[in-house]
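Since the structure comes first, as structure tokens, the remarks are kept for the end.
Protein chains: 2
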Amino acid sequence: MTLRIALDAMGGELGPDEMVAGAIQAVEESDLNVVLIGDENILNRVLQKQSLPPSRLHVIHASQTVSMDEPPFEAIRKKKDSSIVKAFACVKKGEADAVVSAGNSGATLASAIRSLGRLENISRPGIANAFPTLKKPLVMMDVGANVDCRPQHLFQFGVMGAAFSDNLFRIKRPSIGLLSIGEEGGKGNVLVKSAHELFRKSSLNFIGNVEGRDIFQGNVDVIVCDGFVGNVCLKVSEGLAEAIISMLRIEMSKSFMAKMGYLLAKKAFGNFGKRVDYAEYGGAPLLGINGTGIVCHGRSNAKAIKNAIKVAAEMIRSKVNYHILQLLSESDQRSAQTEPKETAAVIGPGEDA
Amino acid sequence: MTLRIALDAMGGELGPDEMVAGAIQAVEESDLNVVLIGDENILNRVLQKQSLPPSRLHVIHASQTVSMDEPPFEAIRKKKDSSIVKAFACVKKGEADAVVSAGNSGATLASAIRSLGRLENISRPGIANAFPTLKKPLVMMDVGANVDCRPQHLFQFGVMGAAFSDNLFRIKRPSIGLLSIGEEGGKGNVLVKSAHELFRKSSLNFIGNVEGRDIFQGNVDVIVCDGFVGNVCLKVSEGLAEAIISMLRIEMSKSFMAKMGYLLAKKAFGNFGKRVDYAEYGGAPLLGINGTGIVCHGRSNAKAIKNAIKVAAEMIRSKVNYHILQLLSESDQRSAQTEPKETAAVIGPGEDA
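First to last, the sequence lines map onto chains B and D. For the first sequence, this note's numbering assigns the number 1 to the initial residue and increments by one for each residue that follows. For the second sequence, this note's numbering assigns the number 354 to the initial residue and increments by one for each residue that follows.
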């Protein structure tokens, strides 16, 4: 069966031209159909500019758009005819199989939950992210959807991240690390210490706490954290990578020799850029919803959109959601009886420096 | 009056040789005295290896050391004759004016609090950190001491960071940003939203929420966060900077032209390294204790130790603690009446994606 991916063609900072270009690349390189959701006047005009739009592209009209800064729940309640709400409505009606959006990620997740619901026994769907590392790709969850969490939520992020890592990157029994500020189980805040116990008693391949510097080493397959910490990590990484490149460029323009060196080494810079380019990875999967969705970086270019469309199809074909349910029931059998009383994050004794 | 800085000469991963080398550089470049605290046999042997140790270096014997991984409070309770405990005891007895340690930072803070106490009205002393940025230095607090915080604690971190930024970097009315996952005041977890209100109603120069990518831009002077988030940020930054340098080196060794380029651009690489070198900044001040202390990175070299000793002296001379008390009482007069009921971090509605 040919899969149909609904693309929120109005999302993203680069505009519909870039979204449509990504969709065209995706259908040219695969057997997928793409449904473009957005203002039909704009989209048809963009399609006319392209030479020979493939027949596997369709347009569905949506008269509204949700902006990047709108409060998610309010936006999707008020804007029933927005591209993001209609994209998930298409999936619900059976007109598409998955959604890709580079728009407001909170609104995308909220639409997904409202239209498709949660997977059974999953308390909090969230946003995972695939990081490039020095070795293999890393899945981090949650990276922004759930800013105040309970230990059980972190546990479920680990299960979902592991299922994704296994299905998409073909890593058997992925190792799971809990992001903290020291490797010993006793290190961390109240939330992390309780979650550590849940993981420790489960049948998952839990390797204990990991630290911020482990993210880029590639020695762990899945890193678990709450959405506040995960989002801060993402943005710190982006900001630092940009700052380092700027600093290097400034230093290299200071002398003739350095400038010559820069020119000779330019291709190496390009290759390096490719290794840290989020566009290679095709967006961040929504996990825990009863369906398939990918949120892309707001600055996604055509290539990032193309890759996200392909990842969405791969998630359906490899049955990630089925795997999540299976892994959750297996690991819960062992952890459920031993689960400690849930503790909200409260003030600790301050002895964890 | 000549200031005397007590150096925990057994702390740090590079060993007493490096610590002593830093102390010698400091006394050579300034009018300071340094008291070396540690095993006198080892320290005297190290001093003999140095040519003509300056007369402004003294040794005080301590028979024990606290290792990097020991639980802080247990360690300082059990090891009363450890170098770090004795360093603060020296300050208490009036034999030194400040402490510098590259050892276990939790134990350093715990010793400081136990020996010297807290500044009046400061609930939680913590660890600040100065980051290099694209423009001016940034102070971030807390970076690891207080992993579970109340809004009022974050507010006090802002006050302390601002006093430090003003006194050490001569920035008048430093701007304060609250680390969150979106710029609007409504974005963040329960803790951050409550702290936002405290700052907003105070007389501090509060510029609102900032995001992870703002850390390196240099557009804000002080960034406030809890110690868990701050410590994760530090370690993510370190890990990513190392990973980027590794990746660039690998790319640049791949072809002859790139290798040539690397050789020509090598000096630029060196200058860049200097800009991101924590050693230039001389460690992280303990703020909120009734005295002066600096914790240094475990991998501190002699230069980092030298700079930390100088920063400790500068903190005393510029009366940072007096400034903290003053700023706290000024800003509290305006914020005290309007302070919202303190809320421990509990589960939010999940609408903050």
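Note that the Cβ used here is the ideal one computed from N, Cα and C, for glycine as well. Fair warning: this is a prediction, and the values are worked out from it, not measured in the lab.
Outcome for B:Glu74 when other beta-carbon atoms lying within 10 angstroms are tallied against a minimum of 16: exposed
Say whether chain B places a C-beta atom closer than 8 Å to the C-beta of D:Ser653. no
Neighbouring residues, chain B, relative to D:Glu564 (Cβ below 9 Å): Asn231, Val232, Lys235, Val236 and Gly239
Looking only at DSSP bridge pairs, what is B:Asp8 linked to? B:Ile37 and B:Ser101
Within the segment 187-257 of chain B, note down every full alpha helix (DSSP H) run reaching 4 residues or more, in order along the chain. 190-200 and 227-252
Within chain B, the residues that D:Leu472 reaches when beta carbons sit closer than 9 Å: Result: empty, since nearest Cβ-Cβ is about 15 Å, beyond 9 Å.
With 9 Å as the limit, tell me which residues of the segment 154-185 of chain B have their beta carbon closer than that to any beta carbon of chain D; keep them in chain order. Leu179, Ser180, Ile181, Gly182, Glu183 and Glu184
Note down the Cα distance separating B:Gly258 from D:Gly623, rounded to an integer number of angstroms. The sequence shown places Ala at residue 258 of chain B, rather than the Gly named in the question. Taking the straight line from one Cα to the other gives about 11 Å.
Name the chain D residues that come within less than 7 Å of B:Ile207, Cβ to Cβ? In chain order: nothing, as chain D lies at least about 17 Å away.
Could you pull the DSSP bridge partners for B:His61 from this structure? B:Gly38
Would you list the one or two residues that DSSP bridges to B:Val295? B:Ser101 and B:Ala284
Determine the closest residue to D:Val387 out of D:Leu396, D:Val373 and D:Leu410, with distance taken between C-alpha atoms. D:Leu410
Contact check, B:His153 vs B:Arg173, beta carbons under 8 Å: no
Contact with chain D by B:Ala353, beta-carbon distance below 8 Å: Caution applies to B:Ala353, whose pLDDT of 31 falls short of 50 and renders its modelled position unreliable; the model cannot decide the point.
Less than 8 Å between CB atoms is the rule here; does B:Tyr281 satisfy it with respect to chain D? So, not an interface residue.
Identify the continuous beta strand (DSSP E) that holds B:Val139 and give its terminal residues. Leu138 to Met141
In the structure shown, what three-state DSSP assignment does D:Arg398 receive? helix
Leaving aside the five residues before and after D:Leu709 along the sequence, list all residues of the same chain whose C-beta is less than 8 Å from its C-beta, in chain order. As shown, chain D starts at 354 and ends at 706. That puts residue 709 of chain D outside it, with no answer to give.
Answer with buried or exposed for D:Glu382, where buried requires no fewer than 16 other C-beta atoms within 10 angstroms of its C-beta. D:Glu382 counts as exposed, since fewer than 16 other C-beta atoms from the protein chains shown sit within 10 angstroms of its C-beta.
8 Å Cβ cutoff met for D:Leu557 and D:Ser684: yes
Residue of B:Asp97, B:Ile113, B:Ile309 and B:Arg299 minimising C-alpha distance to B:Leu287: By alpha-carbon distance to B:Leu287, the top candidate from B:Asp97, B:Ile113, B:Ile309 and B:Arg299 is B:Ile113.
Output the boundary residues of the alpha helix (DSSP H) element that contains B:Leu32. Element bounds for B:Leu32: n/a, residue is neither H nor E.
Assigned secondary structure, D:Arg670 (DSSP; H/G/I helix, E/B strand, else coil): Note: D:Arg670 maps to helix in three-state DSSP.
From the DSSP output, read off the bridge partner residues of B:Ala130. Beta-bridge partners assigned by DSSP to B:Ala130: B:Val139.
Pick from D:Leu551, D:Asp384, D:Phe517 and D:His414 that is closest to D:Val492, judged by C-alpha positions: D:Phe517
Work out the CA separation of B:Leu7 and D:Gln679 for me, nearest whole Å. Going from the Cα of D:Gln679 to the Cα of B:Leu7 covers about 56 Å.
Sequence-distant residues of the same chain with beta carbon closer than 6 Å to D:Tyr634, five excluded per side: Cβ within range, chain order: Ala483.
When the cut-off is 8 Å and only beta carbons count, does D:Phe441 lie next to chain B? no
If we ignore side chains and look at the alpha-carbon of each, how far apart do B:Ile437 and B:Ile316 end up? An answer regarding residue 437 of chain B cannot be provided, because it is not within the stretch 1 to 353 covered by chain B.
Where DSSP assigns a beta bridge to B:Arg118, which residues make up the other side? B:Ile289
So, are the CB atoms of D:Ser533 and D:Asn572 less than 8 Å apart? no
Output yes if chain B places a C-beta closer than 8 Å to the C-beta of D:Met610; else output no. Output row for D:Met610: interface = yes.
Contact belief for B:Lys306 with B:Gln25 at Cβ below 8 Å, rounded distance in angstroms: 4 Å
Measure the alpha-carbon distance for D:Asn542 versus D:Ile529 and round it to whole angstroms. 18 Å
Please state whether DSSP places B:Ser165 in a helix, a strand or coil. helix
Find out if the Cβ-Cβ distance for the pair B:Leu393, B:Val159 is shorter than 8 Å. Nothing in the structure corresponds to residue 393 of chain B, since chain B is present only between 1 and 353.
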